[in-house]
Amino acid sequence: MVPLSWYLIVAAILFAMGLYGVIARRNAVAILMSVELMLNAVNINLIAFWRYLTPDRPVGLAWSLFVLALAAAEAAVGLALVISVYRERDSVIADELDSLKY
Amino acid sequence: MAQNILFIVVSAFTLIMGWIVVSNRNLFHAALALMGSFLGVAGLYVLLEAGFLAAAQLLIYIGAISILVIFAIMMTRRLMQTTETPFNNQWILGGVVSLLALAVTLFVIVRYWPLEAAGRVGSLRPDVPGAMIEGSVVQLGAALVDVNQYVLPFEVASVLLLAALIGAIVVAWPERLPKDRE
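First to last, the sequence lines map onto chains A and B.
Mapped onto the numbering used here, the consecutive letters of the first sequence carry residue numbers 7 to 108.
Mapped onto the numbering used here, the consecutive letters of the second sequence carry residue numbers 5 to 186.
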């Protein structure tokens with residue numbers, strides 16, 4: 007079987023890419039998509055640890071299901087916010103949403 | 005050995021699609037690549053013998069969240085011309101920060117490598133009986149409603165989903181309905 011560290015490395019790279027997207031993308035929808043990538047990386051880790059360390063207890067499976075539910079909630083509220091902001095400001099560029107700054 | 009090659013192919017697909025999501029100028033193409041990346045992650049779940057989670061990934065991520073993202077892109081698309089830069093002015097700093105985070109994580113994984121090679125952790129039970137893997141879905145279902153295990157997080161998750169549902173409707177509700185604009 008594939009060593010556990012391979013899964014951890016793939017998840018780490020995916021997480022770092024998602025982090026870069028969250029910091030550097032301008033579009034709010036793209037930032038949300040990067041957050042989804044990061045959540046996926048965490049889920050890979052949870053399931054890999056379940057399979058290799060505790061296959062007799064469904065700990066990792068249960069928590070990755072909760073992460074899934076959380077991701078769905080986050081996507082729904084986040085995209086509703088994006089649509090609401092777009093209606094208000096005619097823009098979804100994160101740099102231009104700065105009315106709290108001045 | 006065949007599994008190793010399959011793993012490399014699936015994870016390379018996942019990572020390339022993930023990079024397209026992060027870097028593509030065209031937001032719609034990024035959303036399609038996001039679906040590809042979710043599909044690759046589902047493949048990784050299948051390789052990890054978590055069939056239920058792979059099915060849940062297909063249904064929830066590809067079936068629901070990606071469609072939601074695409075809807076949001078189409079409703080806000082007019083301003084996202086493909087000619088403008090996808091990154092803000094802190095992209096160099098962001099790259100440094102995420103590379104640092106990656107380096108720290110990889111350092112921990114590599115430090116732990118000798119332990120795994122010696123069989124002390126990580127490969128504790130690589131070859132468990134198939135019945136245990138098949139029984140894990142039954143175990144998962146029982147654990148989610150077991151008072152001593154996950155019933156509280158389970159109920160809190162359902163309340164959270166209800167709150168998110170109502171909240172999304174309230175937030176996205178137009179202040180003026182279309183017929184008032186006449």
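Backbone N, C-alpha and C define an ideal beta-carbon position, used for all residues, glycine too.
Residue i - DSSP class collapsed to helix/strand/coil
| i | result |
| --- | --- |
| Asn49 of chain A | helix |
| Asn8 of chain B | helix |
| Arg63 of chain A | coil |
| Arg115 of chain B | helix |
| Arg31 of chain A | strand |
Whether residue i touches residue j by CB criterion (8 Å)
| i | j | result |
| --- | --- | --- |
| Ile37 of chain A | Val48 of chain A | no |
| Ala82 of chain A | Ala167 of chain B | no |
| Ile50 of chain A | Ala78 of chain A | no |
| Val14 of chain B | Gly44 of chain B | yes |
| Ile19 of chain A | Leu52 of chain B | no |
| Arg31 of chain A | Phe91 of chain B | yes |
| Ile77 of chain B | Leu31 of chain B | yes |
| Pro61 of chain A | Ile137 of chain B | yes |
| Leu43 of chain A | Gly24 of chain A | yes |
| Ser33 of chain A | Ile99 of chain A | For the sequence presented, residue 33 of chain A should be read as Asn rather than Ser. Taking 8 Å as the Cβ cut-off, Asn33 of chain A and Ile99 of chain A qualify as a contacting pair. |
| Leu62 of chain B | Ala68 of chain A | no |
| Val160 of chain B | Leu87 of chain A | no |
| Ala54 of chain A | Tyr92 of chain A | no |
| Val50 of chain B | Ala37 of chain B | no |
| Val141 of chain B | Phe56 of chain B | yes |
| Val114 of chain B | Val35 of chain A | no |
| Leu85 of chain A | Ile64 of chain B | no |
Chain-ordered chain A contacts of residue i [CB-CB under 7 Å]
| i | result |
| --- | --- |
| Asn8 of chain B | Val8 |
| Asn30 of chain B | Those do not exist, as Asn30 of chain B stays about 11 Å from chain A at its closest Cβ, beyond 7 Å. |
| Ala68 of chain B | Ala78 |
| Ala76 of chain B | Val35, Leu85, Val88, Ile89 |
| Gly22 of chain B | Leu20, Met23, Leu43 |
| Phe11 of chain B | Val8, Trp12 |
| Leu36 of chain B | Simply none; closest approach about 11 Å. |
Buried or exposed (CB count within 10 angstroms, at least 16 for buried), residue i
| i | result |
| --- | --- |
| Gln94 of chain B | exposed |
| Glu102 of chain A | exposed |
| Ile71 of chain B | exposed |
| Met39 of chain B | buried |
| Leu48 of chain B | buried |
| Ile69 of chain B | buried |
| Thr80 of chain B | buried |
| Trp117 of chain B | exposed |
| Leu45 of chain A | buried |
| Trp177 of chain B | exposed |
| Arg95 of chain A | exposed |
| Gly145 of chain B | exposed |
| Arg57 of chain A | buried |
| Met39 of chain A | buried |
| Ala22 of chain A | buried |
| Leu103 of chain B | exposed |
Range covered by the alpha helix (DSSP H) that runs through residue i
| i | result |
| --- | --- |
| Glu159 of chain B | 155–176 |
| Met39 of chain B | 31–51 |
| Ser70 of chain B | 70–79 |
| Leu57 of chain B | 55–60 |
Chain-ordered neighbours of residue i on chain B, where CB pairs are closer than 7 Å
| i | result |
| --- | --- |
| Asp111 of chain A | Because chain A here runs from 7 to 108, residue 111 of chain A falls outside it and cannot be looked at. |
| Leu67 of chain A | Ala54, Leu57, Ser140, Leu144 |
Beta-carbon neighbours of residue i, restricted to chain B and to distances below 9 Å
| i | result |
| --- | --- |
| Leu103 of chain A | Ordered by position in chain B, no residue passes the 9 Å Cβ test against Leu103 of chain A, which lies about 12 Å from the chain. |
| Arg95 of chain A | Those within 9 Å of Arg95 of chain A in chain B number zero; the least Cβ separation is about 10 Å. |
Contact set between residue i and chain A, taken where Cβ atoms lie within less than 8 Å
| i | result |
| --- | --- |
| Asn92 of chain B | Ala30, Arg31, Arg32, Ala100, Asp101 |
| Met79 of chain B | Ile89, Tyr92 |
| Leu72 of chain B | Ala81, Ala82, Leu85 |
Amino acids of chain B, ordered along the chain, whose beta-carbon sits closer than 8 Å to that of residue i
| i | result |
| --- | --- |
| Ile15 of chain A | Leu110, Ile113 |
| Leu106 of chain A | Within 8 Å Cβ-Cβ: nothing; Leu106 of chain A doesn't reach chain B, min ~17 Å. |
Within chain A, the residues that residue i reaches when beta carbons sit closer than 9 Å
| i | result |
| --- | --- |
| Ile64 of chain B | Leu74, Ala75, Ala77, Ala78 |
| Leu156 of chain B | Those within 9 Å of Leu156 of chain B in chain A number zero; the least Cβ separation is about 11 Å. |
| Val175 of chain B | Val83, Ala86, Leu87, Ile89, Ser90 |
| Val25 of chain B | Met23, Gly24, Gly27, Ala36, Met39, Ser40, Glu42, Leu43 |
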